[in-house]
DNA sequence: TCTGGGGTCCTAGGACCC
DNA sequence: TCTGGGGTCCTAGGACCC
């Protein structure tokens, strides 16, 4: 029988901030989304103060009792780097590791020698010692059970961050007690549907007959049930699957009312999408562009629009900007306060598999040279050092990050310096 | 003044094909 | 009274995840 483990960082983004600033340990810490919009990570201390996932920050910060909370703009280069360090610690100790998200990794614990519980305790201690991130680790015979074990480890302090669900009797006891909505893959809509059918606990869910379950939740529900019964349907995958789409969508730092600002922002998003394509050796054959006013302000004049279509396969920033602006032009209407826009690329193909276009608008040789040079300069001197003029100079529309911590691990200028006398 | 961003998978329905 | 059968591809929308 296989044994899957799932390890994840506790309040991961907050723990990353604390890893380089020990004064934050045990404090109320919050990390905000892009544009400093809402809370997306809260330390235990912040949760205890009642700060919820997704709370709009401009409402929270005005409360006097919360003025002592430490808050940060999100610093993805730092979080991504600490995630890589955790991965490194794990691959040194476990034969197979599948990164699932920036802060979660599935582990193959099937053939680990010695006492499994002791091994897991050690893995967790090593991640804390080397990568400085506290974690929880749960395990069981399928991925879905490992996810549940991890969630139990997180929520029951007595377990010290570890939970073993390999024993069916232990599982059954938890299934009887926990709501079906705790299961990975059962979201709020599905939970409501189940509730109406009289299914509330996980035990109720695994007891459903297959016909009823399929009628209600299709093959997706059937797969979740099998996994909970210990039949593994989701294997560990070590190869990152090729991406299906790339999206660059952002709220603006302030409402955008001019065509000049809007076109700069969308050009910048298209350019960033091109960078992402090139780092993965991909080209896009389809593009969509959208814009919208603020959906949270019903009294303002609402407008949204989207345009999409095929483009010649490319990863050239200039071509992507040209196409994006062509789609954007008819969408823009003066007199609106635009709030957000985005560029979404899909139908991605590997650049090296692409035959030369017979009537290409962009000269492929010249394009490749320019993009290679552009990427090389930016890799050396930082993203955005060299960029298309269309993406703007002042960038008055750009996203806010009022309290960004240093990129301690990915920028020489920002690393911590220790001085000894 | 201020409410995130980026993904995946599944299904249903329409258009089209032989 | 009777009006085939079996495909593919595309898109939009819903649901889920972190």
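Residue numbers (this note's numbering): 3 to 423. All residues carry an ideal CB built from backbone N, CA and C; glycine is no exception. None of these values were measured; they are calculated from a predicted model.
When you compare only the Cα positions, how much space is there between residue i and residue j?
i, j, result
"residue 12", "residue 139", "10 Å"
"residue 239", "residue 348", "23 Å"
"residue 144", "residue 224", "14 Å"
"residue 328", "residue 290", "11 Å"
"residue 56", "residue 44", "10 Å"
"residue 133", "residue 17", "10 Å"
"residue 158", "residue 191", "26 Å"
"residue 22", "residue 410", "8 Å"
"residue 378", "residue 388", "10 Å"
"residue 313", "residue 215", "42 Å"
"residue 164", "residue 54", "25 Å"
"residue 292", "residue 248", "14 Å"
"residue 150", "residue 174", "12 Å"
"residue 79", "residue 211", "47 Å"
"residue 301", "residue 227", "45 Å"
"residue 390", "residue 269", "9 Å"
"residue 30", "residue 19", "12 Å"
"residue 59", "residue 36", "11 Å"
"residue 10", "residue 64", "32 Å"
"residue 231", "residue 208", "7 Å"
"residue 338", "residue 303", "7 Å"
Based on Cα-Cα distance, which residue from the options lies nearest to residue i?
i, options, result
"residue 418", "24, 5 and 307", "24"
"residue 332", "318, 147, 310 and 108", "310"
"residue 353", "212, 423, 285 and 379", "285"
"residue 95", "386, 126, 327 and 136", "126"
"residue 91", "115, 67 and 124", "124"
"residue 318", "339, 344, 367 and 300", "367"
"residue 101", "362, 248, 87 and 184", "87"
"residue 186", "209, 152 and 163", "152"
"residue 237", "214, 276 and 111", "111"
"residue 282", "358, 307 and 350", "350"
"residue 392", "326, 266, 386 and 414", "266"
"residue 106", "119, 82, 120 and 300", "82"
"residue 118", "243, 142 and 356", "142"
"residue 273", "421, 226 and 325", "325"
"residue 334", "301, 307 and 270", "307"
"residue 277", "135, 345, 294 and 416", "345"
"residue 261", "363, 41, 394 and 408", "394"
"residue 315", "420, 205, 288 and 233", "288"
With DSSP run on the structure shown, which of helix, strand or coil describes residue i?
i, result
"residue 246", "coil"
"residue 89", "helix"
"residue 107", "strand"
"residue 313", "strand"
"residue 329", "helix"
"residue 167", "coil"
"residue 223", "helix"
"residue 47", "helix"
"residue 291", "strand"
"residue 334", "coil"
"residue 27", "coil"
"residue 157", "helix"
"residue 276", "helix"
"residue 201", "coil"
"residue 115", "coil"
What residues in its chain sit with their C-beta under 6 Å from that of residue i, if we drop five residues either side in the sequence?
i, result
"residue 156", "138"
"residue 229", "144, 146 and 235"
"residue 122", "139 and 164"
Say the cut is 7 Å; is the CB of residue i nearer than that to a heavy atom of the ligand ZN?
i, result
"residue 173", "Questions concerning the ligand ZN fall outside what the structure shown contains, since it holds no ligand whatsoever."
Sorted by chain position, which residues of the same chain lie with C-beta nearer than 8 Å to residue i's C-beta, five sequence neighbours on each side aside?
i, result
"residue 202", "181, 182 and 196"
"residue 130", "136 and 137"
"residue 42", "15, 33, 34, 35, 55, 56 and 76"
Identify, in the order they occur along the chain, each residue of the same chain with its Cβ nearer than 7 Å to the Cβ of residue i, setting aside the five sequence neighbours on each side.
i, result
"residue 75", "34, 38, 403, 404, 405 and 406"
"residue 341", "253, 254, 257, 294, 295 and 296"
"residue 85", "104 and 105"
Discussion item. Does the contact criterion of 3 or more C-beta pairs under 8 Å hold for the segment 249-256 versus the segment 395-402?
Written reply: Yes, the segment 249-256 touches the segment 395-402.
Worksheet item: Any chance the segment 5-20 sits against the segment 150-169, with 3 or more Cβ pairs inside 8 Å?
Response: As far as the Cβ criterion goes, the segment 5-20 touches the segment 150-169, which means the pair count is three or higher.
Worksheet item: Quick check: the segment 67-83 against the segment 47-55, are there 3 or more CB pairs under 8 Å?
Response: The segment 67-83 vs the segment 47-55: in contact.
Item to complete: Please confirm if the segment 213-223 is in contact with the segment 191-199, defined as three or more CB-CB distances below 8 Å between the two stretches.
Response: With a cut-off of 8 Å, the segment 191-199 and the segment 213-223 count as touching, because enough Cβ pairs lie within range.
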